[in-house]
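Report on one structure; see the data block that follows.
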Amino acid sequence: MILITGATGQLGGAVIDHLLKQVPASQLAAFVRDEQKAAPLRELGVSLRVGTYDDTASLDRAMQGIDTVLLVAGTDEEKRVQQHQNVVNAAKRAGVQRIAYTSRALKDRTTLVNRLMDGHFQTEDYIKASGLTYTLFRNILYMDAIPQFIGGNAVFERGIVVPAGQGRVSFALRSDMGEAMANALVRPPEGSVTYQLTNRETYSFHDIAAALTDLSGRPVTYTPVEPAAFEAQLIGRGLPDVMARRITGFITDIANGQEDIVTPDLETLLGRKPASLNEGLARLFSLVR
21 MILITGATGQ LGGAVIDHLL KQVPASQLAA FVRDEQKAAP LRELGVSLRV
71 GTYDDTASLD RAMQGIDTVL LVAGTDEEKR VQQHQNVVNA AKRAGVQRIA
121 YTSRALKDRT TLVNRLMDGH FQTEDYIKAS GLTYTLFRNI LYMDAIPQFI
171 GGNAVFERGI VVPAGQGRVS FALRSDMGEA MANALVRPPE GSVTYQLTNR
221 ETYSFHDIAA ALTDLSGRPV TYTPVEPAAF EAQLIGRGLP DVMARRITGF
271 ITDIANGQED IVTPDLETLL GRKPASLNEG LARLFSLVR
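In short: position in the sequence shown from 1, add 20, done, that's this note's numbering.
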């Protein structure tokens, strides 16, 4: 029995979609806050376990009969490390055989500008110390985040203006990562393992501009800027200060080489090549070559 937390979110939903192609729905459980929002999962035959990461009693109930749990990282910046620890503790109390966690592929945790990422490594440390068999999915930055970073379709009018310098990222689609995770989760646990889920090559924002130019037939340029100017630009577009800071931190870390990582793990788990930059951008921007 596999329990997926954050099951109504984008990543958790992608994992469940691909699990349903491989195992009966009766072998899947979804840990959700909103039972009504999760009704489509119930209709598919997935068992719903209702609760929150803060409610340890609901976590204990959710873990009953579970062999593997996938902990999808929470979004509460202030409390999420404690919330993750609550999930790990409940899994251990229930005798869960394996815990999996959606972490991040980053080069050096000690030099990150976006300190929000620190919580991933603290969670990893806690899982490793728990004694549970674990599967860590260190995910590269989603290709799906590119439209938000560069301003959506407005990019075709004003170009790409971000503080990424010459930084490179092995962007991959969230759907490919969800499929790869599902493939890993259906395998019987054979000890603890860490996967770095990245694409087959890295891409700069110059490459993104070139790909959008090729796909759209409209010239798209890339202009590096300073982080402070970019953050002010985001706030000027109406983004909340905290979101603007977070995006600026992500992209500054890209400039510093934090996401310049390539491994074969994603391709190996998929059993095929992950979507390339051009393929992903064509899908994300609804562009047909």
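Note that CB positions come from ideal geometry on N, CA and C, so glycine has one too.
A distance below 8 Å separates the beta carbons of Asn219 and Phe191. Spatial neighbours of Pro247 in its own chain (CB-CB distance under 7 Å, excluding positions within 5 residues in sequence) are listed in chain order as Pro183, Thr268, Thr272. Per DSSP, the beta bridge partners of Ile119 are Val89, Tyr154.
One alpha carbon belongs to Phe305, the other to Tyr162, and they sit about 14 Å apart.
For Ala252, the enclosing alpha helix (DSSP H) stretches over residues 247 to 256.
Where Gln103 is concerned, the enclosing alpha helix (DSSP H) starts and stops at 100 to 114. A residue is called buried once 16 or more other Cβ atoms fall within 10 Å of its Cβ, and Glu199 is buried on that count. Residue Gly85 holds the alpha-carbon nearest to the alpha-carbon of Gly115 among Arg257, Gly291, Gly85.
Looking at Leu259, Gly185, Pro60, Thr130, the one whose alpha-carbon comes closest to that of Gly29 is Pro60.
Excluding its 5 nearest sequence neighbours in each direction, Gln216 has C-beta neighbours in its own chain below 6 Å: Ala125, Arg158, Thr283, Asp285, listed in chain order. For Val175, the secondary structure class from DSSP, reduced to helix, strand or coil, is helix. The continuous stretches of alpha helix (DSSP H) do not include Ala295, and DSSP gives it neither H nor E. As the crow flies, the alpha-carbon of Asp128 is around 38 Å from that of Leu68.
Between the segment 137 to 150 and the segment 257 to 268 there are fewer than three inter-stretch CB-CB distances shorter than 8 Å, so the stretches are not counted as touching. Of the other Cβ atoms in all chains shown, fewer than 16 fall within 10 Å of the Cβ of Pro208; this residue is therefore exposed. The three-state reading of DSSP puts Ala192 in strand, counting E and B together. DSSP places Val262 in no beta strand (DSSP E) but in the uninterrupted alpha helix (DSSP H) bounded by 261 to 275. Judged by beta-carbon spacing, Met137 lies beyond the 8 Å limit of Ala110, meaning their Cβ atoms are not closer than that value. Close CB contacts of Ala252 within its chain, under the 6 Å cut and outside five residues either way in sequence, are absent. In the structure shown, the three-state DSSP call for Thr243 is strand. Distance from Leu193 to Gly300 at the Cβ level is roughly 5 Å; contact confirmed, criterion being Cβ atoms closer than 8 Å.
Here Thr153 is not near Gln105, since their CB atoms are 8 Å or more apart. Taken atom to atom, the span from the alpha-carbon of Pro239 to that of Gly151 is near 54 Å. The beta carbon of Gly65 is closer than 7 Å to those of Ala45, Ser46 in its chain, skipping five residues each way along the sequence. With respect to Ile22, Asp87 sits close: the two C-beta atoms are nearer than 8 Å.
Within the DSSP secondary-structure output, Val213 pairs in a beta bridge with Thr155.
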